[in-house]
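A.B. asks:
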Amino acid sequence: MAKTEFSTLPVHLGIIMDGNGRWAKKRGMPRTFGHKAGAEAMRKILRECRELGIRYVTCYAFSTENWSRPPEEVAVLMRLFDEYLDEAHERFDKSRLIFIGDKTPFSDKLREKMLRLEAETADIEGFTIFLAMNYGGRDEIVRAVRRLAQKAAQGEISPDEIDESAVSRELYTYPAPDCDYIIRTSGEQRISNFLMWQGAYSELYFTDTLWPDFDTKALHAALEEYQRRSRRFGGI
Ligand code: IPE
Ligand code: IPE
Ligand code: MG
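The sequence shown begins at 0 in numbering that gives the first Met the number 0 and counts up one residue at a time.
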């Protein structure tokens, strides 16, 4: 495919990959069929992001709230993650992988795979994927604040040193910069607890396209829209 030129690209792109269930339903298939198709879409989109030169991509795969889904769906999602991570080497070629979110509720096997992939890709520079699994933006902030409170209680820092940059340093995505642009598919226009801190000044892009249908052409359309945005950060 001919390389599209973009004058400005987000340094850190966030993607809320939504609509897998509805995509499957439209085809008379079980929701899990949509999750499989969604995993394939993610692989293609991530490869394109890397080739375009985006530095950081955060993909929302499973939220802290998604545990409230029927146990059968959660079980299938866990199995899919497990299979997906087995193929991660081919899928996430030349990418640093970091799982953001609380890993403790996952099975030992899944957690070990996550830790191994993080270790094996730790030296890769240029393109970082943050895969949000059991991630919640509020949970991330609570953890950061708790960590700072512990440091203060132990006398490592003074409470006066707790400022915005101190909180940022305790986030899962540190030292990546704040998120510039958030894409959400499937027509829902909300953030659903994604990057609550890092997204404070993100530009938002909503599309009706369901996640499994979100292809490189759809990504290019979203990035073209980003170039038209004028970011002011409270200035004029
Ligand atoms: C997004 O698709 C994937 C996850 C949240 C795991 P959904 O499963 O939310 O699909 P819809 O929104 O029900 O169509
Ligand atoms: C957000 O999608 C979470 C992920 C894409 C992983 P949801 O489908 O869970 O969000 P809501 O429930 O529509 O807000
Ligand atoms: Mg959804």
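We put the CB at the ideal spot given by N, CA and C, even for glycine.
Please read all numbers here as calculations on a predicted model, not as lab measurements.
(1) With a floor of 4 residues, list each alpha helix (DSSP H) that falls wholly inside the region 131 to 162, ordered by position along the chain.
(2) Is residue 135 near ligand 3, with its Cβ less than 7 angstroms from a heavy atom?
(3) Just confirm the distance between the C-beta atoms of residue 233 and residue 207, as a whole number of angstroms; I'd bet it's less than 8 angstroms.
(4) How would you label residue 78, buried or exposed, when you count the other beta carbons within 10 angstroms and need 16 or more for buried?
(5) Which residues end up in the neighbourhood of ligand 3 when you take C-beta atoms closer than 7 angstroms to any of its heavy atoms?
(6) Take residue 39 and list the residues in its own chain whose beta-carbon comes closer than 8 angstroms to its own, dropping the five residues that flank it on each side.
(7) Taking 7 angstroms as the line, does the beta carbon of residue 80 fall inside it for any heavy atom of ligand 1?
(8) Does DSSP put residue 225 in a helix, a strand or coil?
(9) Let me check you understand the geometry: is the CB of residue 305 closer than 7 angstroms to at least one non-hydrogen atom of ligand 2?
(10) Under 8 angstroms: do the region 212 to 220 and the region 60 to 79 share three or more Cβ pairs, one atom per stretch?
(11) Is residue 15 near ligand 2, with its Cβ less than 7 angstroms from a heavy atom?
(12) Please state the DSSP three-state secondary structure of residue 182.
(13) Looking only at C-alpha atoms, which of 153, 177 and 155 sits nearest to residue 163?
(14) Only counting runs of 3 or more residues, tell me where the beta strand (DSSP E) segments fall wholly within the region 42 to 66, in order along the chain.
(15) Whose C-beta lies closer than 8 angstroms to the C-beta of residue 204 among residues of the same chain, with five residues either side of it excluded?
(16) Regarding residue 27 and ligand 1, is the C-beta to nearest heavy atom distance less than 7 angstroms?
(17) Any heavy atom of ligand 1 closer than 7 angstroms to the beta-carbon of residue 210?
(18) Straight-line CA distance for residue 235 to residue 228?
(19) Confirm, please, whether the CB-CB distance from residue 90 to residue 127 is below 8 angstroms.
(20) So, with DSSP's three-state summary, where would you put residue 83?
(21) Could you check which residue in 7, 147, 14 and 8 has the C-alpha nearest to that of residue 189?
(22) Where do the N-terminal and C-terminal ends of the alpha helix (DSSP H) with residue 202 fall, by residue?
C.D. replies: Reading from the atomic positions:
(1) 136 to 152
(2) Not so, every heavy atom of ligand 3 lies at least 7 angstroms from the Cβ.
(3) Residue 207 and residue 233 do not touch by the CB rule: their CB atoms are close to 31 angstroms apart, not below 8 angstroms.
(4) exposed
(5) 17, 18, 20, 185 and 187
(6) 211
(7) no
(8) helix
(9) Past the boundaries of the shown model lies residue 305; the chain is included only from 0 to 235, so the question cannot be answered.
(10) no
(11) yes
(12) strand
(13) The shortest C-alpha separation from residue 163 is found at 177.
(14) Listed in chain order, the complete beta strand (DSSP E) runs (minimum 3 residues) inside the region 42 to 66 are 55 to 62.
(15) 180, 181, 182, 183, 221, 224 and 225
(16) no
(17) Flag set: Cβ of residue 210 near ligand 1.
(18) Cα to Cα, residue 235 sits roughly 14 angstroms from residue 228.
(19) No.
(20) helix
(21) 14
(22) Under the DSSP assignment, residue 202 falls outside any alpha helix (DSSP H), being part of the beta strand (DSSP E) whose first and last residues are 202 to 205.
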